[in-house]
Amino acid sequence: MLQIDHLTTAKAKVSLDNVSFLFEAGNIYTILGRTGAGKTELLRALMGLNPLINGDIKLDKENITKRPIRDRNMSLVYQQFINYPHLSVLDNVAFPLRRQGKKKAQAQALASTMLTTVGLGDFLHRRPSQLSGGQQQRVALARAMVKQSRILMLDEPLANLDYKLREQLREEFPRLVADNQESVILYTTTEPREAMELGNTMIVMHDGEIIASGPPADLFAHPPTKDTASVISDPPISFISGFVRDQVLYFGEGQLAPSEGLQLPPDGPVTIALRPDAIEPGGAFTAKIGLSEFSGSQTIIHLDFDFGRAIMMVEGIETFKSGDNLSISIQAEQMMLFAPDGRNITLRDN
Amino acid sequence: MAKIVLENLGHSYLSNPKGEHDFALKPVNLTWEDGKTYALLGPSGCGKTTMLNIISGLVPPSHGRLLFDDQDVTSVPTSARNIAQVFQFPVIYSTKTVRQNLAFPLECRGMTPSKIKQRVAEVATLLDLDYALDMPARKLSADQKQLISLGRGLVREDVSAILLDEPLTVIDPQMKFMLRRKLREINRQTGMTMILVTHDQSEAMSFADEIVVMKDGLVQQSGTPEELFSQPQNDFVGYFIGSPPMNMITLEPNLGSLSTEAINLTKPLPAAMPVGNNVSIYQMGIRPEHIVMVDKESDSIGKGTIIKIEHLGVDGVVTLKLPTGVIIKAKTRKHTEMTLGDTFGIRVCKKNALLYIDGTLSSSLN
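What follows is the structure, given as structure tokens:
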């Protein structure tokens, strides 16, 4: 169990601002946020690489805030995989064990087992430079995992890999870390799909703060704030300004918006969030097609309404011509409402 | 602006290539029309960057010819090719303002100040950077810096094509959407040919009118995103395009047809196969998007039990185990209503089940 209280780092371009959280062992926490949200700073602060001006770090109730880096029982895998170029793959992974004082034979045996787990059992005696990028990242991952640290931190570990390698390692990841039941695993990413897929708990960071956390599917269905909603979906959720008057919802300057099943707030401005699946072709609204992108399994259409821009996602291959007008329906069921201060104020009839 | 033709174009970094495997880019014929968007897609080391470097003139090809508007430019230096290039990381003059950054290429060419002013204003409007013209370029975000890199190419009126070498790598997912749209708008408004190099299939699909899929220096397939998705010419394209990859189910030759116990779908046995040829591998390729999950009692071609559910947001990926042990993946929007262990019927439209023989699409039998 890792507890952090009020972690704050010195003001910088990106700094932590009063971050508190309780991490449980055996859980995978994905930390989602844009570049500059404070994800890496959090990991570095935990590791002891970024000095704190306030706050405490407790590992199993023991305060380790002032403990030197090597005694913290933590491992960190960087985005840019780092291996020792002059050592074999086996010795790369055995290295941290040797430093812990293990005998060479024992260290190599443990390293060999770990490398087999990550699928590199056949490459023990190669140099890292003789491996592909994905394999090199697996060496770095094996070296971090072999220590059986209490805290395993991965800082955008797949960001520098090819798309397909990323897809493969994402698929393998739960199996790779399955033996680390005693560890807290922290995994940062800018990709919502990756965060949703890999985490038992997803943490959203913004401006150096943790702004939301919970099971990924719940957070996706009920993001507590607009800042959370704006990073949680790929393709992104669209935000349209609107208002409520006499219990009627309007887009923009006063175009009637659907609100079936929604309990509307009192009169005043609101932000209407449209999930990519809230918008469908055919209906009473008209939008101009800004761009239609076929992304593999679905078509993503950028729409220009009188009241703002929005993104629609349609299953399958659809051909829409840029510049054409399209009739559109909007489903209130996949809409959310946010107050001017950013709080999610969506209430639905039961 | 130009039509680009690759005529038997290939490259080996060795001075005396012996066989096919000595080529970083195996000789290929391709024609790229003026004004369209293209993507060179493939994993690291597939030859896509070599191809881009040949087009920009950084690498002289060892074989074949390169034509811009029917002019042979194979040995023309980069500086005379009128190519604009945007790289993975923004290249900007950080001490200069946005305006000075955009004006620099024109100043170097000795354009008059009034003409420069006009061009910079036009390009700034195109990029939505009007408001930032007098800001120091270093103050801008990564995506805005990439726009400036692009703008420095666009200000020149003589540009034949814009080459984009993984330009979205350092951009956050949310901003990628904006930038991709911007790139397409610029393509539409200026009519400039754009060539994008990427390893990201979804980026290639959404950007390009046509995609060249490459592997091991060989062009695997070149076509529209729709063609690559619905008619992948081989198992590599089926794997590389689409996420998750295409499901490949092994078929056995039986009584004149190809079938599997896993699902009730057969394909005719190819008649032209030589007798005694029992080394061929027959597979049925089905996209996860084309698998429809229906109630287990309803009419279907097979049944599967859910062993994994991945929540990806609006949609999800469900892994199904068929009674024979075959594992397939299906994409759905109903994943939030499903539970591990549930059993579903499976439906696939016949036209979406493609036959592959030894990894190659057998078009005649589909």
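Residue numbers (our numbering), protein chains in the order written: chain X, 1 to 350; chain H, 1001 to 1366.
Note that the Cβ used here is the ideal one computed from N, Cα and C, for glycine as well.
Please read all numbers here as calculations on a predicted model, not as lab measurements.
(message) Is Leu154(X) close to chain H? Criterion is C-beta to C-beta, closer than 9 Å.
(response) Translated into positions along the first sequence, residue 154(X) becomes position 154. Judged by the 9 Å Cβ criterion, Leu154(X) is not in contact with chain H.
(request) Please state whether DSSP places Met1288(H) in a helix, a strand or coil. (result) Counted from its first residue, the second sequence places residue 1288(H) at position 288. The amino acid occupying residue 1288(H) in the given sequence is Pro; Met does not appear at that position. Helix at Pro1288(H).
(request) Starting from the C-beta of Gly1313(H), find all residues in its chain whose C-beta is less than 8 Å away, skip the five residues before and the five after it, and write them out in chain order. (result) Start at 1 with the first residue of the second sequence, and residue 1313(H) comes out as number 313. Excluding positions up to five away in sequence, the list is empty.
(request) Let me know the beta strand (DSSP E) ranges lying completely inside the segment 174-261 of chain X, each 3 residues or longer, listed in chain order. (result) 184-189, 201-206, 209-214, 238-245, 248-251
(request) Could you work out which residues of chain X lie near Ile1241(H), taking near to mean beta carbons separated by less than 9 Å? (result) Against the second sequence, residue 1241(H) aligns to sequence position 241. Chain X residues near Ile1241(H): Gly296.
(request) Determine the chain H residues that contact Ala276(X) at a beta-carbon separation under 9 Å, and present them in chain order. (result) Counting from 1 along the first sequence, the entry for residue 276(X) is found at position 276. Note on residue identity: the sequence assigns Pro, not Ala, to residue 276(X). Here the neighbours are Gly1313, Val1314.
(request) Name, going along the chain, the residues of the segment 319-347 of chain X whose beta-carbon falls closer than 9 Å to a beta-carbon of chain H. (result) Thr319, Ser322, Gly323, Gln334
(message) I want to see whether chain H comes within less than 9 Å of Thr190(X), judged by CB atoms only; does it?
(response) Residue numbering aside, residue 190(X) sits at position 190 when the first sequence is read from its first letter. Answer yes: the Cβ-Cβ gap between Thr190(X) and chain H drops below 9 Å somewhere.
(request) With DSSP as the reference, please indicate the residues paired to Arg127(X) in a beta bridge. (result) Mapped onto the first sequence, residue 127(X) falls at position 127. Partner(s): none; Arg127(X) has no beta bridge.
(message) Using beta carbons (cut-off 9 Å, strictly below), is Ile28(X) in contact with chain H?
(response) In the first sequence, residue 28(X) corresponds to position 28, counting from 1. No, Ile28(X) lies away from the interface with chain H (no Cβ there is under 9 Å from its Cβ).
(message) Let me check understanding here. Comparing Cα to Cα, which of Glu194(X), Leu249(X), Gly290(X) lies closest to Arg1188(H)?
(response) Counted from its first residue, the second sequence places residue 1188(H) at position 188. Answer by Cα proximity: Gly290(X).
(message) Which residues does DSSP list as the beta-bridge partners of Met74(X)?
(response) Locating residue 74(X) in the first sequence gives position 74, where the first residue counts as 1. The partner list for Met74(X) (beta bridge, DSSP) reads Ile151(X).
(message) Helix, strand or coil for Asn1101(H)? Go by DSSP, reduced to three states.
(response) Here residue 1101(H) refers to the residue found at position 101 of the second sequence. DSSP places Asn1101(H) in helix when its eight states are reduced to three.
(message) Three or more C-beta pairs under 8 Å: does that hold for the segment 1086-1105 of chain H against the segment 1142-1153 of chain H?
(response) yes
(message) Considering only their Cβ atoms, is the gap separating Glu1166(H) from Phe1087(H) smaller than 9 Å?
(response) Taking the second sequence and counting its residues from 1, the one referred to as residue 1087(H) is at position 87. Taking the second sequence and counting its residues from 1, the one referred to as residue 1166(H) is at position 166. Closer than 9 Å, so yes.
(message) Taking the alpha helix (DSSP H) that Gln1146(H) belongs to, which residues open and close that run?
(response) Taking the second sequence and counting its residues from 1, the one referred to as residue 1146(H) is at position 146. Per DSSP, Gln1146(H) belongs to the alpha helix (DSSP H) from 1142-1154.
(request) Determine whether the Cβ of Pro1105(H) lies closer than 9 Å to any Cβ atom of chain X. (result) Within the second sequence, the letter at position 105 stands for residue 1105(H). Chain X contact via Cβ: absent.
(message) Mapping the DSSP letters down to three states, classify Ala1339(H) as helix, strand or coil.
(response) Taking the first residue of the second sequence as 1, we reach residue 1339(H) at position 339. Sequence check: residue 1339(H) is Thr here, not Ala. Note: Thr1339(H) maps to coil in three-state DSSP.
(request) With 7 Å as the C-beta to C-beta threshold (strictly closer), list the residues of the segment 1320-1332 of chain H near chain X in chain order. (result) Lys1331
(message) Quick check: Thr228(X) and Ala212(X), are their CB atoms within less than 9 Å of each other?
(response) Residue numbering aside, residue 228(X) sits at position 228 when the first sequence is read from its first letter. Residue numbering aside, residue 212(X) sits at position 212 when the first sequence is read from its first letter. Yes, the Cβ-Cβ distance between Thr228(X) and Ala212(X) is below 9 Å.
(message) For a test of the three-state rule: what should DSSP assign to Lys1296(H), helix, strand or coil?
(response) In the second sequence, counting from the first residue as 1, residue 1296(H) sits at position 296. DSSP places Lys1296(H) in coil when its eight states are reduced to three.
(message) At the 9 Å Cβ level, is Asp1200(H) part of the contact set with chain X, yes or no?
(response) Here residue 1200(H) corresponds to residue number 200 of the second sequence, with the count starting at 1. Yes - at least one Cβ of chain X is within 9 Å of the one on Asp1200(H).
(request) Kindly indicate if chain X contains any beta-carbon less than 9 Å away from that of Gln1118(H). (result) Taking the second sequence and counting its residues from 1, one reaches residue 1118(H) at position 118. For Gln1118(H), the answer is no, since every Cβ of chain X falls outside 9 Å of its Cβ.
(message) Buried or exposed for Gln1283(H), going by 16 or more other Cβ atoms inside 10 Å?
(response) Stepping through the second sequence from its first residue, residue 1283(H) is reached at position 283. By the neighbour-count rule (16 or more Cβ atoms within 10 Å), Gln1283(H) is buried.
(message) As a quick exercise: from Ile57(X), Lys61(X), Tyr78(X), Thr319(X), pick the residue whose alpha carbon is nearest that of Pro357(X).
(response) Because chain X here runs from 1 to 350, residue 357(X) falls outside it and cannot be looked at.
(message) Pop quiz: Ile151(X) and Ser183(X) are said to be a contact at Cβ under 8 Å. What is the actual Cβ separation, rounded to whole angstroms?
(response) Reading the first sequence from its first residue, position 151 is the one you call residue 151(X). Reading the first sequence from its first residue, position 183 is the one you call residue 183(X). Yes, Ile151(X) and Ser183(X) are in contact; Cβ-Cβ is about 7 Å, under 8 Å.
(message) List, in chain order, every chain X residue whose beta-carbon is nearer than 8 Å to that of Met1205(H).
(response) Taking the second sequence and counting its residues from 1, the one referred to as residue 1205(H) is at position 205. Contact note: Met1205(H) reaches chain X through Glu293, Phe294, Ser295, Gly296, using a C-beta cutoff of 8 Å and chain order.
(message) Assuming the contact rule is C-beta atoms closer than 8 Å, Ile1055(H) and Ile1116(H) should be a hit. Round their C-beta distance to whole Å, please.
(response) Against the second sequence, residue 1055(H) aligns to sequence position 55. Against the second sequence, residue 1116(H) aligns to sequence position 116. Actually they do not touch by this definition, with Cβ atoms about 28 Å apart.
(request) Using 10 angstroms around the beta-carbon of Val1294(H), count the other beta-carbons present and answer buried if the total reaches 16, otherwise exposed. (result) Counting from 1 along the second sequence, the entry for residue 1294(H) is found at position 294. Exposed: under 16 other Cβ atoms inside 10 Å.
(request) Using the Cα positions of Gly308(X) and Gln334(X), report the straight-line distance between them to the nearest angstrom. (result) One-based indexing of the first sequence puts residue 308(X) at position 308. One-based indexing of the first sequence puts residue 334(X) at position 334. In a straight line, the C-alpha of Gly308(X) is about 18 Å away from that of Gln334(X).
(request) Flag Glu1185(H) as yes if its beta-carbon sits less than 9 Å from any beta-carbon of chain X, otherwise no. (result) Reading the second sequence from its first residue, position 185 is the one you call residue 1185(H). Cβ-Cβ to chain X under 9 Å: yes for Glu1185(H).
(request) For Val177(X), go through chain H and note every residue whose CB falls closer than 9 Å to its CB, in chain order. (result) As a position in the first sequence, residue 177(X) is number 177, starting the count at 1. Contacts between Val177(X) and chain H, judged by CB atoms closer than 9 Å, are missing: the closest CB pair is about 16 Å apart.
(request) For chain H, find out if any of its Cβ atoms is closer than 9 Å to the Cβ of Phe233(X); answer yes or no. (result) By one-based count along the first sequence, residue 233(X) stands at place 233. At residue 233(X) the sequence reads Ser, which differs from the Phe that was named. So, interface residue.
(message) Let me confirm a value: Cys1108(H) is counted as buried when at least 16 other C-beta atoms fall within 10 Å, else exposed. Which label applies?
(response) Indexing the second sequence from 1 puts residue 1108(H) at position 108. By the 10 Å Cβ count, Cys1108(H) comes out exposed.
(message) With the cut-off set at 9 Å, would you say Ile272(X) and Phe251(X) are in Cβ contact?
(response) As a working mapping, residue 272(X) is identified with position 272 in the first sequence. As a working mapping, residue 251(X) is identified with position 251 in the first sequence. In this structure, Phe251(X) lies closer than 9 Å to Ile272(X) by Cβ.
(request) Quick one: residues in its chain with C-beta nearer than 7 Å to the C-beta of Ala278(X), no 5 flanking neighbours on either side, listed in chain order? (result) Working through the first sequence from its first residue, we reach residue 278(X) at position 278. Same-chain partners within the cutoff: Ile330, Gln331, Gln334, Met335.
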